[in-house]
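J.: Take 20 as the starting number for the sequence shown in our numbering and just add one per residue.
The beta-carbon is built from N, C-alpha and C at its ideal position, and this holds for glycine as well.
If you scroll down you'll find the structure; I have some questions about it.
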Amino acid sequence: MKTLIIGAGSDLGVHIDGAHIGPVQLASDLQSFYKGDKLSFIQDESILKSRNLSDRRKNEYDIDKFNTSVYKAIVDNYNKEDIFPILLGGDHSVAVASALASAKKYTDIGIIWIDAHGDFNTFDTTITGNIHGLPLAAITGYKNHELRYFHDGNTINPQNAVVVGARSLDPAEKDNLRYAGVTVFTTEDIKTRGVDAVMNEAFEIATKRTKGVHVSFDLDVIDPSLAPGVSVPEFDGLTVEEAMAINKNIVNHFDHVVSYDLVEYNPLRDIDRKTEQIAINLIAQIIKNAEKKDKYGKIDLTQHQAEQYKIKIVPPKEEQTETNPGFKIVPPSEPTPEPTPTETITQPPVETPQPTVEPTQAETPQPTLPQLDRL
Ligand SMILES: [Mn+2]
């Protein structure tokens, strides 16, 4: 099936900056090997973001405006041809648009929400007022109708909604989840039962009497020591192998999967592009299976971009210390009564031989990022 990549560059749902540039960065990484259709939505720069944590209706109207555009575009494309939408966030509030677009198209779908958080708060129960903590409730029709004014189809039955990897749930949010009837598998469940046992059960629940499953993958499910590039990190998360195994399980159930989100990648919080590397491999795996093509293997981002943009990876210069100032000053053999600076330095810095340190992964500096093309 043809894929459609939707870059949803909004961070209006969280008080931390950065998630809005996630899709631009990921799309830039994808452009050398992904030749399919792309759409791009960038948060209007004129919108001032509310950081007031006591504001429970923070950015509600701007998020509604943004999601309305994303929703309409996905539905329009669904009406034109057979597509598999892949939405790149953006904070998780953008998933209201993608999940409900698929609910509109397929009428009756389930949802698997892979996330350290439940994202099941309401405007009444939210502690932070960050709307990225409310989308799953909105998608399953549990209050939060303010977040789906644009939607003209069914919401997703909460009985077909499954959260996978949760480890940070607010007390009132837990009540909401129980009351609505959403199944929650915690990070602990994954650690004790294993990825496949949990995911197979998640698919059983999400596919029961439905016509497909929307998958929404929040990168914060991974431990922040391995994937620090998210806005709200939670410790004791999944390993990269577990995250990839979840994706593998999704691929094994691909006959049921109708659309996929990868959200919360925050380049401003990333370290050594660790999160970006994971994100791009998760997406590549999904594109490969949606398009049933083998051309996307494992992607090494540093190498990949170096080749793509012909960036020379330069080994770091030896650290300049007092004993190794980085260049050699040879004192005059005879004391010179009135030396001038040009005479004392007999070997200028440019003549210093290059250090012979072998570049290694850890020592390789980040290549200068190319000018990012928007989608
Ligand atoms: Mn989330």
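Taking the beta strand (DSSP E) that G28 falls in, what are its first and last residues?
T.: Position 9 of the sequence shown holds residue 28. K21 to G28 is the extent of the beta strand (DSSP E) around G28.
J.: Are the beta-carbon atoms belonging to I130 and A180 less than 8 angstroms from one another?
T.: As a first step, residue 130 must be located in the sequence shown, where it is residue number 111. As a first step, residue 180 must be located in the sequence shown, where it is residue number 161. Yes, the Cβ-Cβ distance between I130 and A180 is below 8 angstroms.
J.: Specify, as a first and last residue, the run of the beta strand (DSSP E) that L281 falls within.
T.: Taking the first residue of the sequence shown as 1, we reach residue 281 at position 262. Element bounds for L281: V276 to V282.
J.: Does the segment 29-36 come into contact with the segment 68-81, if we say contact requires no fewer than three beta-carbon pairs (one atom in each stretch) closer than 8 angstroms?
T.: Segments in contact, yes.
J.: Rounded to a whole number of angstroms, what is the C-alpha to C-alpha distance between F85 and L106?
T.: As a working mapping, residue 85 is identified with position 66 in the sequence shown. As a working mapping, residue 106 is identified with position 87 in the sequence shown. If you take the alpha carbons of F85 and L106, they lie about 14 angstroms apart.
J.: Can you give me the Cβ contacts of I66 inside the same chain, cut-off strictly under 8 angstroms, excluding the 5 residues immediately before and after it?
T.: The residue you call residue 66 lines up with position 47 of the sequence shown. Excluding positions up to five away in sequence, the list reads L31, N78 and D81.
J.: Alpha carbon to alpha carbon, how far is N266 from D74?
T.: Taking the sequence shown and counting its residues from 1, the one referred to as residue 266 is at position 247. Taking the sequence shown and counting its residues from 1, the one referred to as residue 74 is at position 55. Each residue's alpha carbon lies about 36 angstroms from the other.
J.: For V33, which of helix, strand or coil comes out of DSSP?
T.: Indexing the sequence shown from 1 puts residue 33 at position 14. Residue state, collapsed to three classes: coil.
J.: For E64, name the three-state secondary structure that DSSP assigns.
T.: As a first step, residue 64 is located in the sequence shown; it is residue number 45 there, counting from the start. E64: coil per DSSP, three-state reduction.
J.: Report yes if the CB atom of H151 is closer than 8 angstroms to the CB atom of L119, and no otherwise.
T.: Within the sequence shown, residue 151 is the residue found at index 132, counting from 1. Within the sequence shown, residue 119 is the residue found at index 100, counting from 1. Not closer than 8 angstroms, so no.
J.: Could you check if T211 is buried or exposed, using at least 16 other CB atoms within 10 Å of its CB as the buried criterion?
T.: Position 192 of the sequence shown, counting from 1, holds the residue named residue 211. Label assigned to T211: exposed.
J.: Give every residue whose Cβ lies closer than 7 angstroms to any heavy atom of ligand 1, listed in chain order.
T.: Those satisfying the condition are, in chain order, H111, D134, H136, D138, H151, D237, D239, V282 and E283.
J.: Check whether the segment 184-201 touches the segment 124-138, taking contact to mean three or more Cβ pairs, one atom from each stretch, closer than 8 angstroms.
T.: In short, these stretches touch, since the Cβ pair count reaches three.
J.: Residue ranges of each beta strand (DSSP E) run of no fewer than 3 residues wholly in the segment 95-138, ordered along the chain?
T.: Taking only runs of at least 3 residues, the beta strand (DSSP E) segments lying wholly in the segment 95-138 are 102-108 and 129-133.
J.: Taking S235 as part of the beta strand (DSSP E), name the residues at either end of that continuous run.
T.: Along the sequence shown, one-based indexing puts residue 235 at 216. V232 to D237 is the extent of the beta strand (DSSP E) around S235.
J.: Would you decide whether Y168 is buried or exposed? Buried here means 16 or more other CB atoms lie within 10 Å of its CB.
T.: Taking the first residue of the sequence shown as position 1, residue 168 is located at position 149. Result: exposed.
J.: Mapping the DSSP letters down to three states, classify I306 as helix, strand or coil.
T.: Residue numbering aside, residue 306 sits at position 287 when the sequence shown is read from its first letter. Residue state, collapsed to three classes: helix.
J.: Does the Cβ-Cβ distance between V240 and A225 come in under 8 angstroms?
T.: Reading the sequence shown from its first residue, position 221 is the one you call residue 240. Reading the sequence shown from its first residue, position 206 is the one you call residue 225. No, these two residues do not count as a Cβ contact at 8 angstroms.
J.: Do you know whose CA, among L72, M20, V33 and I290, lies nearest P154's CA?
T.: Counting from one through the sequence shown, the residue named residue 154 turns up at place 135. The shortest Cα separation from P154 among L72, M20, V33 and I290 belongs to V33.
J.: By Cβ distance, which residues of its chain are closer than 6 angstroms to I35, with the 5 residues on each side in sequence left out?
T.: Along the sequence shown, one-based indexing puts residue 35 at 16. Excluding positions up to five away in sequence, the list reads S250.
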